[in-house]
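In this note's numbering, the protein residues as written are 297 to 361. First up is the structure itself, then whatever we jot down about it.
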Amino acid sequence: MGGGTELEIVEEYEIEGRKRFRIRVKGTNIILNVTASSPNEAAEKAAEIANNLGLIRKAGGAAGI
């Protein structure tokens, strides 16, 4: 996967008082679920997970979200 936007927030919701985000790796059906206090924090966490799994190349920032 090249540069540009590689992740997108699909849904933001709350469970047991914790804010959760569903983030999709663009061009795939892969959804990452993370707990975070803001969309930027969620994007950073999802980018780290996706990078560790080899799904994207982290280019700094919030992976284009």
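Glycine included, each C-beta is placed from N, C-alpha and C at the ideal position. Since this is a predicted model, take the numbers as computed values, not measurements.
Which residues bound the beta strand (DSSP E) around residue i?
| i | result |
| --- | --- |
| K322 | That residue, K322, is in no beta strand (DSSP E); it is neither H nor E in DSSP. |
Report buried or exposed for residue i, applying the criterion of at least 16 other Cβ atoms within 10 angstroms of its Cβ.
| i | result |
| --- | --- |
| V321 | buried |
| L328 | buried |
| E307 | exposed |
| I319 | buried |
Which of helix, strand or coil does DSSP assign to residue i?
| i | result |
| --- | --- |
| I352 | coil |
| E312 | coil |
| I327 | strand |
| E337 | helix |
Considering Cα atoms alone, identify which of the options is closest to residue i.
| i | options | result |
| --- | --- | --- |
| G323 | L303, E337 and G313 | L303 |
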